[in-house]
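A.B. asks: One structure, pasted below without further comment.
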DNA sequence: GTCTATAGCCAGATAGAC
DNA sequence: GTCTATCTGGCTATAGAC
């Protein structure tokens, strides 16, 4: 039955994604994936050859979720300010849905740089040239203070992504419970955008 | 010979640190540590019992390098502005010396939250209460625009740490080579501080 | 203290029955 | 396609000679 085959493939992929995201490539166990998916371990090999093949599929799939988020800053038609507000506002909900994503990608790429080969030819792989040009334009128009588009791009993603990546650690620096830290993250939906805009727009 | 014993212990620790930082706990191999340290694998067990004990030692040692960096923002007597400038300026060189540190700590804590037990009782474990109070004071004095100390703290470490953590990825978003990205990071030594200060100080 | 040899385990992968 | 049983290799850890 063709549909069942696909169902199972997807169940394995979905579960593998969960396990790889939690434990990373080196820490993940095929048996763990099989158990959580309620299937026999051999079936994973039947459908996906080996651990590495499965991982590469998951890795690309995960990147396909992240890439559009980044591209939103780069490719839509809003002003720089609106881009920042929109991205910052949406990022919180995105993280609620996909908590481990960026930790996973960044870490695996650091541990095993070979994976870049898989990524850089990805159809959605972000390139910030358009954003750089837009920033230059708005600086020339006097909307923004003089700032380099590359630096601004780094500011934006740093202020948004890092507080989630290092959440458990920062939370302890603040000696606060999970609920309080979630509230802090939530208020960053607007706080971060205000902070950036306040720095880069000309005051009257 | 007592001195030789200590020499070897330190050689193992130093090498173990290197390997754990590169590969993480799950990816590190005892054989790899032995080979790079030019000693017999059994010796590691003789000196440090097992992999886990060795890892915990390394982990705490690594955290002892990071903690003072964070505490610099929190505990010295400079104004908020000077703290930001100083930390931001020094962080680049710190990263040149210890490139994998924060990735390692943050990732291991995400994969295995149990390690927090080892950390939270660490004598240098940072607590940002003093910084919060200082920010509140400077806001009341009109030096800073109204801003929450916790949010500002998160801004500062995000803008500094993340660009290094995600360096390989961001570099490719920019389609630039390593040298260019290093230049970008280097100019952030002052750029980031200006960016923050520009947002949080009152304009004349 | 340092080595060799190996025990013992566990994980990924495969053979082969059904 | 799905299962059981098993192989194979790799890794941690230890026993024991020197």
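Residue numbers (the working numbering), protein chains in the order written: chain A, 1 to 204; chain B, 1001 to 1204.
All residues carry an ideal CB built from backbone N, CA and C; glycine is no exception.
(1) For residue 1088 (chain B), which residues of its own chain have a beta-carbon under 7 Å away from its beta-carbon, when the five flanking residues on both sides are left out?
(2) What does residue 1172 (chain B) touch in chain A if you count any residue whose Cβ is under 8 Å from its own?
(3) Can you check the stretch 1048 to 1100 of chain B for any alpha helix (DSSP H) of at least 4 residues that lies completely inside it and give the ranges in chain order?
(4) Scan the stretch 1047 to 1068 of chain B for residues whose Cβ lies nearer than 7 Å to a Cβ of chain A and list them as they occur along the chain.
(5) Should residue 40 (chain A) be labelled buried (16 or more other beta-carbon atoms within 10 Å of its own) or exposed?
(6) What do you reckon, are the CB atoms on residue 1094 (chain B) and residue 158 (chain A) nearer than 8 Å?
(7) Quick one, are the C-beta atoms of residue 57 (chain A) and residue 44 (chain A) less than 8 Å apart?
(8) Is it buried or exposed for residue 1126 (chain B), if we count other Cβ within 10 angstroms and need 16 for buried?
(9) Spell out whether any CB of chain B is found under 8 Å from the CB atom of residue 188 (chain A).
(10) Could you check where the alpha helix (DSSP H) with residue 37 (chain A) kicks off and where it finishes?
(11) For residue 191 (chain A), return the contacting residues in chain B, with the cut-off set at a CB-CB distance below 7 Å.
(12) Could you tell me how far apart the beta carbons of residue 62 (chain A) and residue 17 (chain A) are, in whole angstroms, since I believe they sit closer than 8 Å?
(13) Hey, how far is the Cα of residue 5 (chain A) from the Cα of residue 97 (chain A)?
(14) If we count Cβ pairs, one from each stretch, closer than 8 Å, do we get three or more for the stretch 1111 to 1127 of chain B versus the stretch 1070 to 1079 of chain B?
(15) Quick one: which chain A residues come within Cβ less than 8 Å of residue 1237 (chain B)?
(16) List the residues of chain B that residue 23 (chain A) touches, going by C-beta distances under 7 Å, in chain order.
(17) Could you have a look at residue 144 (chain A) and say whether DSSP puts it in helix, strand or coil?
(18) Is it buried or exposed for residue 85 (chain A), if we count other Cβ within 10 angstroms and need 16 for buried?
(19) Going by alpha carbons, who is nearest to residue 79 (chain A) out of A:143, A:199 and A:174?
(20) Using 10 angstroms around the beta-carbon of residue 64 (chain A), count the other beta-carbons present and answer buried if the total reaches 16, otherwise exposed.
(21) At a CB-CB cut-off below 9 Å, which residues of chain B make contact with residue 184 (chain A)?
(22) To the nearest angstrom, report how far apart residue 156 (chain A) and residue 70 (chain A) are at their CA atoms.
(23) Using a Cβ-Cβ cut-off of 7 Å (strictly less than) and excluding sequence neighbours within five positions of residue 1119 (chain B), which residues of its own chain qualify?
(24) Could you round the C-beta distance between residue 1202 (chain B) and residue 1145 (chain B) to whole angstroms and report it? I think they count as a contact, below 8 Å.
(25) Whose Cβ in chain B lies nearer than 9 Å to the Cβ of residue 76 (chain A)?
(26) Hey, which unbroken runs of the alpha helix (DSSP H) at 4 residues or more fall wholly within the stretch 97 to 133 of chain A?
(27) Can you give the Cα-Cα distance for residue 33 (chain A) and residue 49 (chain A), rounded to whole angstroms?
(28) Apart from the five residues just before and just after residue 1165 (chain B), which ones in its own chain have a Cβ nearer than 8 Å to its Cβ?
(29) Shortest alpha-carbon distance to residue 1114 (chain B) belongs to which of A:174, A:200, A:169 and A:29?
(30) One question on the structure: do residue 1092 (chain B) and residue 1185 (chain B) come within less than 8 Å of each other, judged by their Cβ atoms?
(31) Report buried or exposed for residue 38 (chain A), applying the criterion of at least 16 other Cβ atoms within 10 angstroms of its Cβ.
(32) Using a Cβ-Cβ cut-off of 8 Å (strictly less than) and excluding sequence neighbours within five positions of residue 60 (chain A), which residues of its own chain qualify?
C.D. replies: This is what the structure holds:
(1) 1160, 1189, 1192 and 1193
(2) 116, 119, 120 and 125
(3) Every alpha helix (DSSP H) stretch that sits fully inside the stretch 1048 to 1100 of chain B and reaches 4 residues is listed by chain position as 1051 to 1075 and 1080 to 1097.
(4) Taking 7 Å as the Cβ-Cβ cut-off against chain A, none of the residues of the stretch 1047 to 1068 of chain B qualify.
(5) By the neighbour-count rule (16 or more Cβ atoms within 10 Å), residue 40 (chain A) is not buried but exposed.
(6) no
(7) no
(8) buried
(9) yes
(10) Note, residue 37 (chain A): alpha helix (DSSP H), 30 to 37.
(11) 1151
(12) Residue 17 (chain A) and residue 62 (chain A) do touch by the CB rule: their CB atoms are close to 7 Å apart, below 8 Å.
(13) Whole-angstrom Cα-Cα distance: 27 Å.
(14) yes
(15) This structure leaves residue 1237 (chain B) out entirely; chain B is present only between 1001 and 1204.
(16) Against chain B, the beta carbon of residue 23 (chain A) has neighbours under 7 Å at 1111, listed in chain order.
(17) strand
(18) buried
(19) If we check each option's Cα against that of residue 79 (chain A), A:143 comes out closest.
(20) exposed
(21) In chain order: 1148, 1150, 1151 and 1154.
(22) 10 Å
(23) Within the same chain, 1063 and 1125 come within 7 Å of residue 1119 (chain B) by CB-CB distance, once the 5 residues on both sides are set aside.
(24) 6 Å
(25) Those do not exist, as residue 76 (chain A) stays about 16 Å from chain B at its closest Cβ, beyond 9 Å.
(26) Listed in chain order, the complete alpha helix (DSSP H) runs (minimum 4 residues) inside the stretch 97 to 133 of chain A are 101 to 111 and 116 to 120.
(27) Taking the Cα positions, residue 33 (chain A) is about 14 Å away from residue 49 (chain A).
(28) Hits under 8 Å: 1102, 1103 and 1106.
(29) Put simply, of A:174, A:200, A:169 and A:29 the residue whose alpha carbon is nearest the alpha carbon of residue 1114 (chain B) is A:169.
(30) yes
(31) exposed
(32) 118, 119 and 122
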